[in-house]
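In the working numbering, the protein residues as written are 22 to 255.
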């Protein structure tokens, strides 16, 4: 079952209360205490921090099937801005009802805790990636990871998926410059590993791309299906 919506599939929600966000809209402002968590049905968003000089670091991309954001339950306020990359359709899940269920339903609490640990594993993987891997490896890792997450949510067809990220988005996640991202993407295309056209991604040889960056999907075990990404997409 895809992460992180699994514990919330049986959570009472009002489908009529579905909220639509335009692209570049705020889902959360830093410091606020949201009254609801967003279960994203359609669209992409990013969570990031801005430095005083305007530099941005993206720490998380939210996609269909993701919950934005379980960490809000453990904090007095949001620590990162969350902004939509594309138009978004999301279901609000009442925070007070979630917190009440955490106290009354051990199984629900356990599943949510395990998913929190899975996110920590993913963050640890990215600490290694950002600290040790080359630009090509970083970008390949990002592509492999997002592809796997989309495949787990049934969003990959014929090895293709939506990929609305700009070169600036990818740069701000991987610690690269947009120019470097552009050059690296060109290299991946020239080596016939990927195609990227009109905000659609096709991975031509997943095994070769994963080998290039040392990607192992085991660290996403809490976020995606256990099966290999291309099998999950079939």
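Ideal placement from N, C-alpha and C gives every residue a C-beta, glycine not left out.
Since the model is a prediction, treat every value here as computed from it, not as a measurement.
Note to self: With three or more beta-carbon pairs closer than 8 Å as the criterion, would you say the region 51-67 touches the region 108-125?
What the structure shows: With the cut-off at 8 Å, the region 51-67 and the region 108-125 touch.
Note to self: Count Cβ pairs between the region 178-197 and the region 218-230 that sit closer than 8 Å; are there 3 or more?
What the structure shows: Yes, they touch.
Next item on the list: Please go through the region 27-114 and give each complete beta strand (DSSP E) segment of 3 or more residues, from N-terminal end onward.
Entry: Counting only unbroken stretches of 3 or more residues, the beta strand (DSSP E) elements lying wholly within the region 27-114 are 40-42, 47-49, 57-63, 66-71, 77-83, 102-105, in sequence order.
Check: From residue 94 to residue 216, what distance separates their C-alpha atoms?
Finding: Spanning the alpha carbons of residue 94 and residue 216 requires a straight line of approximately 39 Å.
Next item on the list: Could you tell me whether the region 197-206 touches the region 123-133, using the rule of 3 or more Cβ pairs below 8 Å?
Entry: Contact fails: fewer than three Cβ-Cβ distances are below 8 Å.
Next item on the list: Can you check DSSP and say which residues form a bridge with residue 217?
Entry: Its beta-bridge partners are 222.
Next item on the list: Taking only runs that begin and end inside the region 125-165, name each unbroken alpha helix (DSSP H) of 4 or more residues, in chain order.
Entry: Whole alpha helix (DSSP H) segments, 4+ residues: 127-153.
Next item on the list: Could you name the residues of the same chain whose beta carbon sits closer than 8 Å to that of residue 79, not counting the 5 residues immediately before and after it, in chain order?
Entry: These residues qualify, in order along the chain: 67, 68, 69, 190, 193, 194.
Notebook entry, point to check: What residue does the alpha helix (DSSP H) around residue 176 start on, and which one ends it?
Noted result: Where residue 176 is concerned, there is no enclosing alpha helix (DSSP H), because DSSP gives it neither an H nor an E.
Next item on the list: Just mark residue 74 as buried or exposed, buried being the case when its beta carbon has 16 or more other beta carbons within 10 Å.
Entry: By the 10 Å Cβ count, residue 74 comes out exposed.
Check: Can residue 42 and residue 91 be called in contact, C-beta distance under 8 Å?
Finding: Not closer than 8 Å, so no.
Notebook entry, point to check: Could you give the C-beta distance for residue 119 and residue 58, rounded to a whole number, given that I count them as a contact under 8 Å?
Noted result: Confirmed, Cβ separation roughly 7 Å.
Margin query: Rounding to the nearest angstrom, what Cα-Cα distance links residue 56 and residue 207 in this structure?
Written below: Per the coordinates, the alpha-carbon of residue 56 lies some 43 Å from the alpha-carbon of residue 207.
Checklist line | Where the beta strand (DSSP E) containing residue 180 begins and where it ends | finding: Element bounds for residue 180: n/a, residue is neither H nor E.
Margin query: Can you tell me whether residue 117 is helix, strand or coil according to DSSP?
Written below: Correct three-state label for residue 117: helix.
Item checked: Check whether residue 168 and residue 102 have beta carbons under 8 Å apart -> For residue 168 and residue 102, no; Cβs fall outside 8 Å.
Next item on the list: Please state whether DSSP places residue 237 in a helix, a strand or coil.
Entry: Taken through DSSP and simplified to helix, strand or coil, residue 237 comes out as coil.
Check: By Cβ distance below 7 Å, which residues in the same chain neighbour residue 231 in space, the five residues on each side in sequence not counted?
Finding: Answer for residue 231: 165, listed in chain order.
Notebook entry, point to check: alpha helix (DSSP H) containing residue 186: first to last residue?
Noted result: Premise fails: residue 186 is in no alpha helix (DSSP H) and is neither H nor E.
Next item on the list: Enumerate in chain order the residues of its own chain whose CB-to-CB distance from residue 163 is below 7 Å, with the five nearest sequence positions on each side excluded.
Entry: Hits under 7 Å: 191, 194, 195.
Note to self: Could you tell me the alpha carbon to alpha carbon distance between residue 241 and residue 135, rounded to whole angstroms?
What the structure shows: Rounded to the nearest angstrom, the two C-alpha atoms are 12 Å apart.
Margin query: Here's the rule I'm using: 16 or more other beta-carbon atoms within 10 Å means buried, otherwise exposed. How should residue 89 be labelled?
Written below: Its Cβ being crowded by 16 or more others within 10 Å, residue 89 is buried.
Next item on the list: With DSSP as the reference, label residue 198 as helix, strand or coil.
Entry: Collapsing the DSSP output to three states places residue 198 in coil.
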